[in-house]
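Sequence positions in the sequence shown follow numbering that gives the first Met the number 0 and run 0 to 273. Here a beta-carbon is modelled for each residue, glycine too, at the ideal position from N, C-alpha and C. Quick caveat: nothing in here was measured; it's all calculated off a predicted structure.
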Amino acid sequence: MNFGNLTTEQRNPASENIDKVSTLEMVKIINDEDKKVAAAVEKVLPQIAEAVDLIAEKISNGGRLFYIGAGTSGRLGVLDASECPPTFGVAPDLVQGIIAGGNIALTNAVEGAEDDKNSAAVDLREKKFNAADVLVGIATSGRTPYVLGAIDFAKKIGAATVGVSCVEKSALAEIVDIAINPITGAEVITGSTRMKAGTATKMILNMLTTGAMIKIGKVYGNLMVDVHATNEKLRDRARRIVVAATNCNDAEAALALEKCNGHAKSAINLILGR
């Protein structure tokens, strides 16, 4: 494949002289390009919504959500997955992120890991990935062998698949059940897809998990009522959530939370007499 043909590998005329401008002009160029990301994501909202409904359905029926990717894409998947238990009070294995090369790849480049198409199936088997689950493959280029191998495995066992990439007519989009392809264009630094493409990916993953958690009842209004209060900040947040949801006072909220082991949803139900 000629990687130079990918949209994300093109030179960006807006930043061709970024090394010669003032620092303020430099960051303005970056900011101007970042403004284009939300517009690109907006164009694929129907596909994102479809994926949210799919993920919520699978979770409601006992399935799990898996992200899989290499490099920046893999790290973003692991990041989003790791935020779900404290934010929504779900089990750590409900949303999982897998990165090519294993956990060491979160902080260090693992040479050749993304090109190993066969290792993805091994990694998924280790997690006991099955037909009840849904797999989201993340690959900016849409052609990462590790991710394509993961999707192939998922399809063979009958699992649902979603693909996130940032180029037109990607190989990933051709093989998944739902393709999410925001076209973010050339990067400020040529080929540095941790920038605009990475930002778009993070926005999409936020929507996938947040949307699914809303659909399965982990949010009341816009309150994270299943927050896992593991530190002082989150304990204070839980108290404020109870107050907002019930219109009680701080003392009543604190007492209810104490009776409910700090669980905001239970405290809300206690106060409302449910």
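Residue i vs residue j beta-carbon contact at 9 Å
| i | j | result |
| --- | --- | --- |
| residue 192 | residue 139 | yes |
| residue 274 | residue 11 | The chain is shown only over 0 to 273; residue 274 falls outside these bounds and no answer can be derived. |
| residue 46 | residue 180 | yes |
| residue 60 | residue 131 | yes |
| residue 22 | residue 166 | no |
| residue 74 | residue 97 | no |
| residue 307 | residue 175 | Nothing about residue 307 can be read from this structure; the chain reaches only from 0 to 273. |
Extent of the continuous alpha helix (DSSP H) run through residue i
| i | result |
| --- | --- |
| residue 148 | 144-155 |
| residue 291 | Past the boundaries of the shown model lies residue 291; the chain is included only from 0 to 273, so the question cannot be answered. |
| residue 46 | 44-59 |
| residue 253 | 249-258 |
| residue 160 | Premise fails: residue 160 lies in the beta strand (DSSP E), 159-163, not in any alpha helix (DSSP H). |
Nearest-angstrom Cα separation, counted from residue j out to residue i
| i | j | result |
| --- | --- | --- |
| residue 146 | residue 170 | 10 Å |
| residue 216 | residue 42 | 27 Å |
| residue 224 | residue 264 | 5 Å |
| residue 79 | residue 127 | 20 Å |
| residue 211 | residue 94 | 11 Å |
| residue 134 | residue 65 | 5 Å |
| residue 121 | residue 39 | 34 Å |
| residue 103 | residue 25 | 33 Å |
| residue 69 | residue 270 | 47 Å |
| residue 154 | residue 164 | 18 Å |
| residue 162 | residue 115 | 18 Å |
| residue 44 | residue 144 | 26 Å |
| residue 124 | residue 142 | 22 Å |
Endpoints, beta strand (DSSP E) assigned at residue i
| i | result |
| --- | --- |
| residue 293 | Coverage of the chain is limited to positions 0 through 273, which leaves residue 293 absent and any answer about it impossible. |
Margin query: Could you check whether the segment 52-65 touches the segment 24-37, counting it as contact only if at least three pairs of C-beta atoms, one from each stretch, sit closer than 8 Å?
Written below: no
Next item on the list: Inspect the CB distances between the segment 252-260 and the segment 225-241 and report whether three or more fall short of 8 Å.
Entry: yes
Notebook entry, point to check: Could you give the uninterrupted runs of the alpha helix (DSSP H) lying entirely in the segment 97-144, keeping only those of 4 residues or more?
Noted result: You should have 118-125.
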